[in-house]
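Using the working numbering, the letters of the sequence shown correspond one by one to residues 40 to 186. Beta carbons are placed, not taken as given, at the ideal position from N, Cα and C, and that holds for glycine.
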Amino acid sequence: MIALTNLLHVLAAIVWLGGVSFMLFALRPAALMLPPPQRLPLIAQVLKRFFWLVWCSIAILLVTGVMMLLRVDMKNAPLGWHLMLGIGLLMFAIFGHLYFGPFKRLQNAVMAADWPEGGKRVGQIAALAALNLALGALAIGCVNLLV
Ligand code: HEM
């Protein structure tokens, strides 16, 4: 059972962080070839689909992460586990802000064909997603190195 919990936890992390890496380092630079009226609706549609996967990943990470923590007395848990809990909660909050702030504004800008506003919001989304990618790497480093 615990092996399955761990597996689901790691798979959810791969979906989230792998998807963010693809967005930041492959899709976004390639999409710059398109003019804003084509690029921004494309990015908004891609993000809409990917963000559903992120919400699912967050739910799985939270449930499986807490299940793993409940197996041990928190007082005796390795430092890396405490850090993963804290960094994980911070990542969830950053994603919530990204989704209900810049992403919703990007969708509104695309509907209004306001391309400068849309470009600004994509920049904010990319910065917050890059922050979460770095935090995710840090959390995984902590859980592996601080035992
Ligand atoms: C509240 C949120 C979280 C909690 C409570 C939590 C809890 C844990 C715990 C207890 C472990 C250690 C399992 C073990 O060694 O047996 C673990 C491992 C792991 N966590 Fe989390 N986690 C959370 C969020 C995240 C997030 C946001 C990510 C990345 C997106 C993540 C990625 C991983 C990975 C990849 C491992 C496996 C590390 C390895 O064994 O190499 N976790 N998590």
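Compare the beta carbon distance of residue i and residue j with 9 Å and say whether it is the shorter of the two.
| i | j | result |
| --- | --- | --- |
| Leu170 | Pro141 | no |
| Trp154 | Leu100 | no |
| Phe134 | Ile82 | no |
| Leu86 | Leu145 | yes |
| Cys95 | Ala51 | yes |
| His48 | Met107 | yes |
| Pro76 | Ala152 | yes |
| Arg78 | Ala65 | no |
| Arg67 | Ala176 | no |
From this set, the options, which residue's C-alpha is nearest residue i's C-alpha?
| i | options | result |
| --- | --- | --- |
| His89 | Leu71, Leu185 and Val59 | For the record, residue 89 in the displayed sequence is Phe; it is not His. Nearest of Leu71, Leu185 and Val59 to Phe89, Cα basis: Val59. |
| Asn147 | Leu73, Gln84, Leu177 and Leu66 | Gln84 |
| Leu118 | His48, Val186 and Leu128 | Val186 |
| Gln163 | Met40, Lys143 and Leu174 | Lys143 |
What's the call for residue i, buried or exposed, on a 16-neighbour Cβ count within 10 Å?
| i | result |
| --- | --- |
| Phe61 | exposed |
| Arg110 | exposed |
| Met130 | buried |
| Val105 | exposed |
| Val157 | Looking at the sequence shown, residue 157 is not Val but Gly. Burial call: buried. |
| Leu137 | buried |
message = Within 8 Å, do at least three Cβ pairs link the stretch 175-184 to the stretch 113-129?
response = yes
Whole runs of the alpha helix (DSSP H) within the stretch 104-167, excluding any shorter than 4 residues = 118-137 and 143-150
query = In chain order, which continuous runs of the alpha helix (DSSP H) of length 4 or greater are located wholly inside the stretch 61-104?
reply = 67-70
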